[in-house]
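K.L.:
Before I ask anything, let me first share the structure, which is written out below as structure tokens.
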Amino acid sequence: MTPEVIVSIIATVMTAATPLLIAATGELVVERAGVLNLGVEGMMVVGAVAGFAGAQLTGNAWGGVGLAIACGAAFSLLFGILALTLATNQVATGLSLTLLGLGVSGMVGEAFIGQPGVKMASVNIPGLSDLPIVGPLLFGQDPIFYISIALVVGVSWFLFKTRAGLQLRAIGNNHGSAHALGIRVITVRYLAVMFGGACAGLAGAQLSLVYTPQWTEDMTAGRGWIALALVVFASWRPGRVLIGAYLFGAVTIAQFHAQAFGVAIPSQLLSALPYVSTIVVLVLISANRRMTMQNTPAALGKTFVPDH
Amino acid sequence: MRLELEKRGEHSAMFSAISPIIAVAVTALLGALMFAALGKPPLQALYSYFIEPLTEVWSIHELLVKATPLILIALGLAFCFRSNNWNIGAEGQFIIGAMAGSIIPVMFPDLRGPWIVPAMMICGMIGGGLYAFIPAVLKARFNTNEILSSLMLVYVAELFLDWTIRGPWRDPDGFGFPQTQRFHADAILPEMFSASGRAHFGFVFAILATLVAWYVLSKTMKGFEIRVLGESARAGGFAGFNAKRMIIFAFVVSGALAGLAGISEVSGAIGQLRPSISPGYGFTAIIVAFLGRLNPAGIFAAGLVLALSYLGGEAAQISIGVSDKVASVFQGILLFTVLACDTLIRYRVRLRSSAPALAPESVAP
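Chains as they are written, first to last, in this note's numbering: chain A, 347 to 654; chain B, 55 to 419.
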């Protein structure tokens, strides 16, 4: 393999990892606030169709990104109204968000099937982008890649270095005590859920504007669910989400390159790899009880009804 | 103004009974608004969606064909959801059941006899049950999140089916189409009234399964155990119930019913394996289970309602030209309204102008 081939493989891994990283980082904040939103897949696919539509309408990829973030956050609000205000079961509500998202995106996107999409341009910094190896990898990526890295750093700083982050984690560990201390549990959770929705929307836009610039039905193909698994894998630490997302990006990309190298494995088996490895990783992580118990937000998935 | 919830001492019996009906009514209302927004006459759209399919005999047959897998799968999900096991991989168990049941007609096409169909049904149940055993044993043994593992296995099952019918099971006389050979007559689940339509004996399975599930869940010790462990695994432990064995039991029952649904659909309605054998029955059945309030009789009725949404989608596409994707939007909205209406059972909902926070109370789900 020449260095150019290796660089291009690493670049595709990064592109495949970015949507997982963004969606998982958003969901991490939601879960740190004690809310389990299983609607990531639905919000992501809504983001994907909104991203495509926004780019078509404005003729600019950034128009798509903006619409995807707005739609993802607005769509997550549906989950918030049910699970937070009406205190419904979070698992069932998240599932219904996913089912509704797949339905709505399929209906809205029907007109876009087969249409050429708008591809987001990669960054080009004269001088730096032309450097060998590090140039294309670090200075020639698409803008959403840089946003994803900034997001991880920002979320990590917010959760562990700010007072608001401490309050959010307190809510996730014991909403009763947090409420007694005067923290607005429901308000903070609404904000967290909408942040998760915005992230999932952005992750979807990355798929329809960068990864494969077009719209196909159900194009998220389970990435929202893998993002949920990544949060468990990362035991709710943003840095570990980064590692996990890149591992899964590599597994996703392995299928394309294995065929290029003439490995005689059925393509379906290779396509199944990300899903099978998700299960394997979940088993390995969950078997280690001490590690999962340490970081799992104690109030995760429990409904909270303030007694007025 | 703010919305406030006040916990009821006891679940409201009235709202338990009428909340699914309110949910369907609200969904129909939202549907009318959606059709109006799409520029279609709302009343005519609702008519062609929910009434027209019921006006012809062949169409009622189709309703039963679609309700069969939904009811079978959702009954199994009731065992899981009641015992607090979140099996959302029924779609995969449906597919593996369909494949396991197809082993006899595809790999041993020379075998004939009246025993073939029953044997296929049993193989389908075993296949679906074994596939559900995977997330169950991972949860019981390693504490692995069953939501994610069962869902991942759906994608694996879809890819496995795809590989099988493009590879070893492809019909040699099928002009290269990715499908198995058509099942011979002895491997076809017969139609009930073949003079008037396609409804097959799978619907009888759905009726029988409803009766058995009702008996087990409400009249036996096992049903009590499911309820106790679902409310609190700790309390169940004090009563001498084994939570781990319950995980396996609930998942295997659910997988077997999904597998039976799969092979009934393939043997009764399709007649061969194809790349796509389900329009998402395994996921729609989740909505059926909740709309039926995890109660077998309710699930039976809810299965018919959701089957109508599939048929209505097709009918509305023909008569008023809306996309048949509207069906899945309807289904999604319906689950939302069902969950929202269930709040009325457990809480009194009040509107207040302002509310000073006094004391906290946390409520486990």
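All residues carry an ideal CB built from backbone N, CA and C; glycine is no exception. None of these values were measured; they are calculated from a predicted model.
From this set, A:L588, A:Q614, A:T624, A:G647, which residue's C-alpha is nearest T364 (chain A)'s C-alpha?
P.N.:
Minimum Cα distance to T364 (chain A) is reached at A:L588.
K.L.:
Which residues of chain A have a Cβ atom closer than 8 Å to the Cβ of W140 (chain B), listed in chain order?
P.N.:
V437
K.L.:
Does chain A have any CB closer than 7 Å to the CB of W223 (chain B)?
P.N.:
no
K.L.:
From what residue to what residue does the beta strand (DSSP E) around E54 (chain B) run?
P.N.:
Nothing in the structure corresponds to residue 54 (chain B), since chain B is present only between 55 and 419.
K.L.:
Would a check of beta-carbon distances place N349 (chain B) closer than 7 Å to chain A?
P.N.:
Using a CB distance cut-off of 7 Å, N349 (chain B) does not count as an interface residue toward chain A.
K.L.:
Take L553 (chain A) as the anchor and find which of A:T649, A:I355, A:A396 has the nearest alpha-carbon.
P.N.:
A:A396
K.L.:
Is A263 (chain B) closer than 7 Å to L126 (chain B) when the C-beta atoms are compared?
P.N.:
yes
K.L.:
State the beta-bridge partners of L405 (chain B) as determined by DSSP.
P.N.:
B:L57
K.L.:
Using a Cβ cut-off of 7 Å (strictly closer), state whether D378 (chain B) contacts chain A.
P.N.:
no
K.L.:
What does DSSP give as the partner residues of H254 (chain B) in its beta bridges?
P.N.:
B:E245
K.L.:
Whole angstroms are fine: how far does the CA of L448 (chain A) sit from the CA of F458 (chain A)?
P.N.:
If you take the alpha carbons of F458 (chain A) and L448 (chain A), they lie about 15 Å apart.
K.L.:
Roughly how far, in whole angstroms, is the beta-carbon of F344 (chain B) from the beta-carbon of A438 (chain A), given that I think they are within contact range, below 8 Å?
P.N.:
With 8 Å as the limit, F344 (chain B) and A438 (chain A) qualify as a contact, their Cβ atoms being about 6 Å apart.
K.L.:
Rounded to whole angstroms, what's the CA-CA distance from F421 (chain A) to L243 (chain B)? Just pull it up for me.
P.N.:
A straight line joining the alpha-carbon of F421 (chain A) with that of L243 (chain B) spans about 43 Å.
K.L.:
Compare the C-beta of A418 (chain B) against all C-beta atoms of chain A and say whether one is closer than 7 Å.
P.N.:
In this prediction, A418 (chain B) scores a pLDDT of 46, lower than 50, which makes its location untrustworthy; no coordinate-derived value is stated.
K.L.:
Report buried or exposed for M206 (chain B), applying the criterion of at least 16 other Cβ atoms within 10 angstroms of its Cβ.
P.N.:
buried
K.L.:
Report the CB separation of G393 (chain A) from V464 (chain A) in whole angstroms; it is logged as a contact under 8 Å.
P.N.:
Rounded, the Cβ-Cβ distance is 15 Å, inconsistent with contact.
K.L.:
In the structure shown, what three-state DSSP assignment does D653 (chain A) receive?
P.N.:
strand
K.L.:
Evaluate contact between the stretch 147–156 of chain B and the stretch 168–178 of chain B, counting only Cβ atoms and requiring at least three cross-stretch pairs below 8 Å.
P.N.:
yes
K.L.:
Quick check: is the beta carbon of Y209 (chain B) nearer than 7 Å to any beta carbon in chain A?
P.N.:
yes
K.L.:
If you measure from the beta carbon of S73 (chain B) to each beta carbon in chain A, is any gap under 7 Å?
P.N.:
no
K.L.:
Beta carbons nearer than 7 Å to chain B: which residues of the stretch 617–646 of chain A have them?
P.N.:
S617, A618, Y621, V622, T624, I625, L628, V629, S632, A633, R635
K.L.:
Would DSSP call S204 (chain B) helix, strand or coil?
P.N.:
helix
K.L.:
Nearest CA to the CA of R586 (chain A): which residue from A:I355, A:V498, A:M390, A:G452?
P.N.:
A:V498
K.L.:
Report the three-state DSSP secondary structure of K193 (chain B) (helix, strand or coil).
P.N.:
helix
K.L.:
Could you tell me the distance, in whole angstroms, from the CA atom of D227 (chain B) to the CA atom of C395 (chain B)?
P.N.:
53 Å
K.L.:
Mind listing, in chain order, the continuous alpha helix (DSSP H) runs of no fewer than 4 residues lying wholly within the stretch 351–410 of chain A?
P.N.:
386–404
K.L.:
Compute the Euclidean distance between the alpha carbons of T361 (chain A) and V556 (chain A), then round it to the nearest angstrom.
P.N.:
8 Å
K.L.:
Buried or exposed, going by whether 16 or more other CB atoms sit within 10 Å of the CB of A551 (chain A)?
P.N.:
buried
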